[in-house]
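S.K.: Before anything else, here's the structure in question.
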Amino acid sequence: MYYRRRLLLALLQSAGGRMEKIRLHKLLLLFMVRRGEAAFHFVPHRFGAFSFQANADLVALTTRGLLANHGKEWELLDREDHAAALKPQDRMLLHELLETYGSMKRDELVHETYVRYPYTAIHSEMAGRLLNTREKRAVADALPQAGPAGLYTIGYEGLDLDAFLNKLLKARIAVLCDVRRNAFSMKYGFSKKQLQGACEGVGIRYEHLPEVGIASGERQELNSQADRDALFERYAQRTLPHTGAVQEHIAQLVAFQERVAIMCFEHEVGCCHRNALSKAIAALPGFKGRLVHL
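Heads up, the sequence shown is in my numbering, so the first residue is 34 and it goes up one at a time.
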């Protein structure tokens, strides 16, 4: 079992075996901050801090019969001592966490996280009734500053879904254009339906534009940068000249939405076709804006 899933089970066990979903995400946030090394990241969602990865793990544990999903609550069904299986430091931190916050009512706990981490409340539907004027101002101040208008590029290699979304949110990206030929990934959150749902959940529009992708068959035997450079040269010669309409569409999105990102897998832009694609779009007549690699 993944250790991060063991943490979720131990949290539920230590809190009595049943917990409201909103409460679980807030306690998990506070635990991860204390821990320092984050097994989960959190995005600002409609009820504050939320981890798509943690939610997916909870669903997976339900499928395995270890949890029950009661709509607004999770219930631990398994009777194993999961807390005993934690690293000693994590077990101590979990005990301290519940000593400090375990008796708080839900809204008190939510308020605590909003005050401590106002960025997590920027999309909250609860902030209006839970926060005073000064606290609301702190949330407004936590809204990321808008970056320059233009075309951004990003790869999800090395990122979980929540960390990826936070990079987009902190750059104030309005539209994410997925330029993979096949929007499928074995990594949770990066297949088309999952990614689209997550983006929409944090206020980012998602579009899949497979026409400007590279077929997976052409990506075989890429053993060196020279192999990749040859692939991208073929892409520039064979694909870019025939996808002008899609490139113009992306340029128009930039014109109307100001900050648009194109995404693929590779972290390093020089190892990805989005480098050639973004340069081609930026070179179009009338394109205005910066080219930024996240």
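Built from N, CA and C at the ideal position, the CB exists for glycine as well. Just so you know, these numbers come straight off a predicted model, no measurement behind them.
Among Asp123, Ile314 and Ala160, which one has its Cα closest to the Cα of Phe294?
M.R.: Position 261 of the sequence shown, counted from the first residue, corresponds to residue 294. It is worth fixing the name first, because residue 294 is Ala in this sequence and not Phe. Selected option, being the one with the closest Cα: Ile314.
S.K.: Hey, Leu45 and Leu127: beta-carbon distance below 8 Å or not?
M.R.: By one-based count along the sequence shown, residue 45 stands at place 12. By one-based count along the sequence shown, residue 127 stands at place 94. Not a contact, by the Cβ cut-off of 8 Å.
S.K.: Whole angstroms is fine: what's the gap from Leu109's alpha carbon to Phe73's?
M.R.: Numbered from 1 along the sequence shown, position 76 holds the residue referred to as residue 109. Numbered from 1 along the sequence shown, position 40 holds the residue referred to as residue 73. Answer to the nearest angstrom: the Cα atoms are 20 Å apart.
S.K.: If we ignore side chains and look at the alpha-carbon of each, how far apart do Leu184 and Gly230 end up?
M.R.: Counting from one through the sequence shown, the residue named residue 184 turns up at place 151. Counting from one through the sequence shown, the residue named residue 230 turns up at place 197. Taking the straight line from one Cα to the other gives about 22 Å.
S.K.: Below 8 Å on the Cβ atoms is my contact criterion, and I expect Val212 with Arg68 to pass it. Report the Cβ-Cβ distance as a whole number of Å.
M.R.: Counting from 1 along the sequence shown, the entry for residue 212 is found at position 179. Counting from 1 along the sequence shown, the entry for residue 68 is found at position 35. Not quite, the Cβ-Cβ distance comes to about 36 Å (not below 8 Å), so this is no contact.
S.K.: Which runs of the beta strand (DSSP E), 3 residues or longer, sit entirely within the region 35-84?
M.R.: As far as the region 35-84 is concerned, its whole beta strand (DSSP E) runs of at least 3 residues are 51-53, 76-78 and 81-83.
S.K.: Which one or two residues does DSSP pair with Cys297 in a beta bridge?
M.R.: Sequence index remark: in the sequence shown, residue 297 carries index 264 (1-based). According to DSSP, which records beta bridges pairwise, Cys297 is partnered with Gly188.
S.K.: Starting from Asp211, follow the beta strand (DSSP E) in both directions and report where the run begins and ends.
M.R.: Within the sequence shown, the letter at position 178 stands for residue 211. Taken as a continuous stretch (DSSP letters only), the beta strand (DSSP E) holding Asp211 covers Val208 to Asp211.
S.K.: Please state whether the Cβ-Cβ distance between Ala309 and Leu273 is less than 8 Å.
M.R.: The sequence position of residue 309 within the sequence shown is 276, counting from 1. The sequence position of residue 273 within the sequence shown is 240, counting from 1. Cβ atoms of Ala309 and Leu273: closer than 8 Å.
S.K.: Quick check on the DSSP output: the beta strand (DSSP E) that includes Tyr268 runs from which residue to which?
M.R.: Start at 1 with the first residue of the sequence shown, and residue 268 comes out as number 235. That residue, Tyr268, is in no beta strand (DSSP E); its alpha helix (DSSP H) goes Gln258 to Arg271.
S.K.: Tell me the DSSP secondary structure of Gly322 in three-state form.
M.R.: Here residue 322 refers to the residue found at position 289 when the sequence shown is read from its first residue. Of the three classes helix, strand and coil, the one that applies to Gly322 here is coil, per DSSP.
S.K.: Quick check on the burial criterion: 16 or more other C-beta atoms within 10 angstroms. Buried or exposed for Ser257?
M.R.: Position 224 of the sequence shown, counted from the first residue, corresponds to residue 257. By the 10 Å Cβ count, Ser257 comes out exposed.
S.K.: Is the number of C-beta pairs between the region 41-61 and the region 109-118 that are closer than 8 Å three or more?
M.R.: Touching, yes, given that three or more Cβ pairs across the two stretches are closer than 8 Å.
S.K.: Is Lys300 near Gly191, with beta carbons less than 8 Å apart?
M.R.: In the sequence shown, residue 300 corresponds to position 267, counting from 1. In the sequence shown, residue 191 corresponds to position 158, counting from 1. Looking at the sequence shown, residue 300 is not Lys but His. Going by C-beta atoms, His300 is nearer than 8 Å to Gly191.
S.K.: By the 10 Å Cβ neighbour count, where 16 or more other Cβ atoms means buried, how is His103 classified, buried or exposed?
M.R.: Sequence index remark: in the sequence shown, residue 103 carries index 70 (1-based). Looking at its Cβ environment, which holds fewer than 16 other Cβ atoms inside 10 Å, His103 is exposed.
S.K.: Run through DSSP, which three-state label would Asn165 get?
M.R.: For the purposes of this step, residue 165 is taken as residue 132 along the sequence shown, with counting starting at 1. Of the three classes helix, strand and coil, the one that applies to Asn165 here is coil, per DSSP.
S.K.: By the DSSP assignment, the alpha helix (DSSP H) with Ala196 in it spans what residues?
M.R.: In the sequence shown, residue 196 corresponds to position 163, counting from 1. Segment Leu194 to Lys203, the alpha helix (DSSP H) holding Ala196.
S.K.: By Cβ distance below 6 Å, which residues in the same chain neighbour Leu242 in space, the five residues on each side in sequence not counted?
M.R.: Here the question's residue 242 lines up with position 209 in the sequence shown. So the list reads Cys210, Val212 and Val279, once near-sequence residues are dropped.
S.K.: Secondary structure at Gly277, three-state DSSP: helix, strand or coil?
M.R.: Within the sequence shown, residue 277 is the residue found at index 244, counting from 1. In this structure, Gly277 counts as helix in the three-state DSSP scheme.
S.K.: Ends of the alpha helix (DSSP H) at Tyr134?
M.R.: Translated into positions along the sequence shown, residue 134 becomes position 101. Looking at the DSSP string, the run of the alpha helix (DSSP H) that includes Tyr134 is Pro121 to Tyr134.
S.K.: What is the DSSP secondary structure of Asn88, reduced to helix, strand or coil?
M.R.: Along the sequence shown, one-based indexing puts residue 88 at 55. Looking at Asn88 - three-state DSSP - the assignment turns out to be helix.
S.K.: If you check the beta carbons only, do Ala182 and Gly303 fall under 8 Å apart?
M.R.: On the sequence shown, position 149 is the one that residue 182 refers to. On the sequence shown, position 270 is the one that residue 303 refers to. Contact flag unset, no.
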